[in-house]
Amino acid sequence: MNTIHRRDFLKGTLFLSASILSPSALWAFGSKDQRYQVAVIDLMILKRQKLGAIKLAKEIGADGLEVDMGGLGNRETFDNKFLDKEFRDTYIQELKDQGIKICSVAMTGFYAQSLATRPTYKRMVGDCLETCRLLGAKVAFLPLGVQGDLVKNPELRPALVERLKVIGEMAKKAGVIVGIETALDARGELDLLREINAKHIKIYFNLSNPLKENRNLIQELKILGKKHICMIHCTDEDGVWLENNKRLDMREVKRTLDKMGWSGWLVIERSRDANLSPKMVKENFGANTRFVKSIFQ
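Below, the structure is given as C-alpha cells:
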C-alpha cells in the first residue's frame with residue numbers, strides 16, 4: 057500500500073474544500089490572483105480627491121479606484137490635491153487600511169479641454185505621471201474629448217499625433233502607460249497608434265463607445281487585441297444597470313477577453329439607473345460592481 061504523506065493529504069483536503077465553496081467564497085480565497093479586477097471612479101461616485109472615496113469604494117464592493125487629477129478650467133495645470141504630501145500620506149494610509157488599490161489616474165479635464173492646443177500640456181501630463189508614481193498607479197487615463205474628436209476634427213490629427221509622441225516619451229521615462237480614449241473605431245485607433253509609434257501609449261477602451269455608434273463591440277475588441285488595450289471602462293450610458301442592459305452582453309465580453317488572453321482592470325464609469333437619483337451612489341455602483349464581479353470573478 058502506498059503511504060500518503062501528511063503534506064499531500066492536506067493539499068488534497070484544501071482542494072476538496074475549495075471545490076465546494078460558493079463562488080463568492082472562492083473569490084475571497086483567491087482575490088489577490090484575480091485575472092480581472094473591478095474599480096469605480098472617485099469622480100463618478102461623487103468623491104473626487106476626497107478621503108471618503110476609499111471607504112465608499114470598499115462599501116460598494118470594488119477592488120480599486122480610478123482617481124481624478126482634479127479640475128482644469130483655464131489653469132496651467134490640474135487642481136490636484138495629491139501633490140500635497142500631508143493629504144497624500146493620509147490617503148495612502150487609508151488605502152492600506154481599507155485594502156483598496158489605485159488602478160489609474162484620470163485627466164478627465166481633457167474631456168472638455170483641447171490637448172491639441174493647450175500650451176502647458178507637458179506640465180499637465182507631467183503632473184499626472186508624477187501623481188501615478190506617488191500613488192503607485194501604472195496607468196494614466198487621457199481622453200481626447202470633444203475638442204480632440206478626430207472624426208469631427210480630422211485637421212487636429214497632426215498636432216495630436218505630435219503631442220502624443222512627446223507624451224509617449226514622458227510616459228516611458230515614468231514607467232507608466234497612458235491610455236487614450238478616442239472617437240475613432242478600432243481600425244482607426246490602430247492606425248493612430250501606429251502613427252504615434254510609442255509603446256507607452258495604448259487604448260483605454262470604453263465598452264459604451266462602439267455601442268453608441270452602432271458598431272460591433274466584440275469585433276472592435278478583437279481588432280484591437282490584447283496588446284493595444286491597457287484598461288477598460290466597463291460601462292454603458294446611463295439608463296439601466298448593467299445587469300438589465302439588453303445591448304451589452306457582458307458574458308460575451310468576458311468570453312472574448314478570455315480568448316484574447318487579456319487581463320486587467322474593469323472600471324465602472326456610468327450605467328446608473330435613470331429612475332434613481334445620481335446621488336444614490338451605493339445603489340447604482342454597488343449593483344453594477346456586484347454584477348461585473350459575478351461575471352468576471
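The sequence shown: position 284 = 340 (this note's numbering), numbered continuously. C-beta: ideal position from N, C-alpha, C; glycine also. Just so you know, these numbers come straight off a predicted model, no measurement behind them.
So residue i packs on residue j, CB below 8 Å; how close in whole Å?
i	j	result
S327	D292	5 Å
A95	V323	5 Å
Y260	I236	6 Å
M100	F134	The pair is not a contact, with the Cβ atoms about 17 Å apart (cut-off 8 Å).
D241	R271	6 Å
I110	L151	6 Å
A162	V123	7 Å
T146	L107	7 Å
Using a Cβ-Cβ cut-off of 7 Å (strictly less than) and excluding sequence neighbours within five positions of residue i, which residues of its own chain qualify?
i	result
R213	L206
L267	L273, D292, R303 and L304
E276	D241, A242 and P266
F341	V96, I101, I116 and I324
L171	Y177, L200, G204, L216 and R219
G192	I158
P334	R328
E132	T176 and R179
E308	I274
K141	none
L128	F134, G165 and Q169
Using CA atoms only, rank isn't needed, just tell me which of the options is closest to residue i.
i	options	result
I257	L248, I116 and Y177	L248
G317	C286, K114 and A254	C286
S160	T187, P175 and F166	T187
L313	N136, G201, K282 and S264	K282
Y177	G224, R144, L112 and V309	G224
I158	L139, V195 and F166	V195
Q90	S333, S319, I148 and G129	S319
T238	F166, L185, V309 and R189	F166
A330	K310, E339, D294 and K315	D294
R174	N130, R311 and S333	N130
M125	K103, L112 and D119	K103
L2	R311, I148 and A230	Any answer about residue 2 is impossible in this case: the structure gives the chain only from 57 up to 353.
Might you give, ordered along the chain, the residues of its own chain that have their beta carbon closer than 8 Å to the beta carbon of residue i, omitting 5 neighbours on each side?
i	result
N209	Q203
K114	Q154, G155 and I156
F347	W297, L298, E299 and M306
K182	One detail in the question is off: residue 182 reads as Gly in this sequence, not Lys. Excluding sequence neighbours, G182 sits near M226.
H284	E245, L246, L249, K258 and I259
S80	Because S80 sits at a pLDDT of 33, beneath the cut-off of 50, its placement in the model cannot be relied upon, and the point is left open.
V222	K178
L190	F138, L139 and R144
I252	V217, L220, K221 and G224
E339	D329 and L332
A254	L220, K221, I223, G224, E225, A227 and K228
V232	L185, C188, R189, A193, K194, V195, A196 and H256
E269	D241
A230	L185, E186, C188 and R189
Give me, in chain order, the residues of the same chain whose beta-carbon lies closer than 6 Å to that of residue i; leave out the 5 immediate sequence neighbours on both sides.
i	result
Y92	L322 and F352
H289	N262, V323 and E325
A74	With a pLDDT of 38 at A74, under the threshold of 50, the predicted position of this residue should be treated as unreliable, though the coordinate-derived value follows. Here the set comprises nothing.
F197	S160, A162, G235 and Y260
N301	D292
K137	Q105 and F143
A343	W297
K310	I351 and F352
What are the partner residues of residue i, as DSSP defines its beta bridges?
i	result
S160	E122
H289	N262 and V323
D197	One detail in the question is off: residue 197 reads as Phe in this sequence, not Asp. A162 and G235.
A95	G120 and V323
D329	G295
I257	V234
| task | With a floor of 3 residues, list each beta strand (DSSP E) that falls wholly inside the stretch 115 to 146, ordered by position along the chain. | result | 120 to 124
| task | Starting from the N-terminal side, write out each stretch of the beta strand (DSSP E) that is 3 residues or longer and does not extend beyond the stretch 165 to 230. | result | Listed in chain order, the complete beta strand (DSSP E) runs (minimum 3 residues) inside the stretch 165 to 230 are 195 to 199.
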